[in-house]
Amino acid sequence: MPFEIIQGDITKLRVDAIVNAANSSLLGGGGVDGAIHQAAGPNLLLECKTLAGCKTGQAKITRGYNLPAKYVIHTVGPVWCGGTNDESKLLADCYKNALLLAKENNLTSIAFPLISTGAYRYPKDKALKIAIAVIGEFISIEDMMVYLVVYDKSSFMLPEELTLSIKEYINEKYTKEPKRMFTGLREKTKYMVQELDCISDSNMELIDVVNQLDKTFSQGLLCLIDEKGMTDADTYKKANVDRRLFSKVRNDKYYKPRKSTAIAFAIALKLNIDETNNLLKKAGFTLSRSSKFDVIIEYFIENENYNIFEINEALFAFEQELLGV
Ligand code: APR
Numbered sequence: 633m634p635f636e637i638i639q640g641d642i643t644k645l646r647v648d649a650i651v652n653a654a655n656s657s658l659l660g661g662g663g664v665d666g667a668i669h670q671a672a673g674p675n676l677l678l679e680c681k682t683l684a685g686c687k688t689g690q691a692k693i694t695r696g697y698n699l700p701a702k703y704v705i706h707t708v709g710p711v712w713c714g715g716t717n718d719e720s721k722l723l724a725d726c727y728k729n730a731l732l733l734a735k736e737n738n739l740t741s742i743a744f745p746l747i748s749t750g751a752y753r754y755p756k757d758k759a760l761k762i763a764i765a766v767i768g769e770f771i772s773i774e775d776m777m778v779y780l781v782v783y784d785k786s787s788f789m790l791p792e793e794l795t796l797s798i799k800e801y802i803n804e805k806y807t808k809e810p811k812r813m814f815t816g817l818r819e820k821t822k823y824m825v826q827e828l829d830c831i832s833d834s835n836m837e838l839i840d841v842v843n844q845l846d847k848t849f850s851q852g853l854l855c856l857i858d859e860k861g862m863t864d865a866d867t868y869k870k871a872n873v874d875r876r877l878f879s880k881v882r883n884d885k886y887y888k889p890r891k892s893t894a895i896a897f898a899i900a901l902k903l904n905i906d907e908t909n910n911l912l913k914k915a916g917f918t919l920s921r922s923s924k925f926d927v928i929i930e931y932f933i934e935n936e937n938y939n940i941f942e943i944n945e946a947l948f949a950f951e952q953e954l955l956g957v
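633 is the number of the first residue of the sequence shown in the numbering used here; add one for each residue after it.
This is the structure:
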């Protein structure tokens with residue numbers, strides 16, 4: 633998954649670079665800055681002293697020393713002053729410049745904390761929106777694994793109205809007992825028995841039976857990509873799916889995706905609920921009202937919001953699996 637939101641301690645991640653929410657002196661501090669210097673050891677500070685500080689919104693790179701990460705990219709977020717001092721542009725610059733610096737150094741993976749949302753008091757939901765927008769745009773054109781690391785769940789807040797709207801939708805649609813799914817299954821089994829009866833009556837060769845069956849998931853997906861006039865790269869990037877996995881789908885017509893991957897492709901293709909279920913069925917799945925994950929997906933499809941990064945943000949907030957590989 634090229635962009636993933638995870639909960640944890642950024643100093644523990646074995647990635648090419650972790651990003652430090654530093655101050656302009658680059659001489660250490662508290663919060664994630666203090667944790668990174670603590671874990672990296674004294675040599676990090678020695679190298680930082682050679683950098684002559686860093687301006688807000690800019691980024692500088694050092695080695696990682698005792699950290700599992702090879703490098704540290706130091707950036708200085710804006711202090712929140714009510715939103716009238718160009719804070720949103722400066723915060724976006726932090727993510728952009730750190731990503732560009734990672735690309736210049738040919739790094740393949742990078743992890744960000746939620747910059748400025750601690751001591752610098754940037755409102756968490758606004759900061760999150762900026763982070764997701766900048767990272768989402770970057771990985772739509774570049775090949776890099778990007779993690780957004782949430783240290784404590786309380787620092788992860790969806791915009792209030794989105795949270796309320798999803799909660800209302802879940803209360804209205806989510807049913808604990810999986811009634812509909814089993815009924816569907818019973819109907820489907822009956823239909824398949826009829827199908828087999830008619831086939832056995834006509835003494836069709838097994839190979840003809842197989843050929844009569846629906847297209848496989850891969851075949852169905854590739855047809856939809858052509859129908860939508862999309863490219864492979866368009867599709868797997870909008871599905872937040874890794875390029876290598878997509879080539880498996882393209883080269884193996886019997887490839888069996890996970891449900892979250894199949895749904896990610898449906899989102900990338902902007903399918904409606906029925907089209908999504910038709911595609912899922914080819915992989916043996918269906919959207920079910922007895923799954924909170926499915927109901928949240930349905931919410932976004934019904935609202936025609938196909939931004940997979942915003943959907944993952946909501947899935948993360950509701951402690952559900954994320955979309956993509
Ligand atoms: N791993 C991941 N995230 C962390 C960790 C950690 N180990 N420790 C803290 N965080 C999170 C916080 O929960 C917060 O969401 O990092 C985010 C940024 O908080 P701060 O570290 O306070 O950074 P910031 O708000 O950008 O303020 C920077 O604080 O530490 C000083 O020297 C730093 O002066 C600078 C200022």
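In this text, a Cβ means the ideal position worked out from N, Cα and C, and glycines have one as well. Just so it is clear, the structure is predicted and the values come from calculations on it, not from any experiment.
Secondary structure of I747 (DSSP, three-state): coil.
For A671 and A900, the gap between their C-alpha atoms comes out near 39 Å.
Taking the Cβ of D864 as the reference point, every heavy atom of the ligand APR lies at 7 Å or farther away. The beta-bridge partner set that DSSP reports for R876 is empty. In this structure, A871 and A734 do not form a Cβ contact; the two beta carbons are roughly 23 Å apart against a cut-off of 8 Å. Secondary structure of Q690 (DSSP, three-state): coil. In chain order, G661, D665 and V708 place their CB closer than 8 Å to the CB of N655, counting only its own chain and leaving out the 5 sequence neighbours on each side. According to DSSP, T707 shares a beta bridge with A653 and A691.
Separation of the CB atoms of A949 and F788 is rounded to 6 Å, and the pair is thereby assigned contact status at 8 Å.
In the DSSP assignment, I933 falls within the alpha helix (DSSP H) that extends over K924 to E934. Segment contact: the segment 857-867 against the segment 906-923, fewer than three CB-CB distances shorter than 8 Å; contact not assigned. Of the candidates N910, L919 and L722, the residue whose Cα lies closest to the Cα of C686 is L722. Contact between G689 and C726 holds, since their C-beta atoms are separated by about 6 Å, short of 8 Å. In this chain, the beta strand (DSSP E) harbouring F635 covers F635 to Q639.
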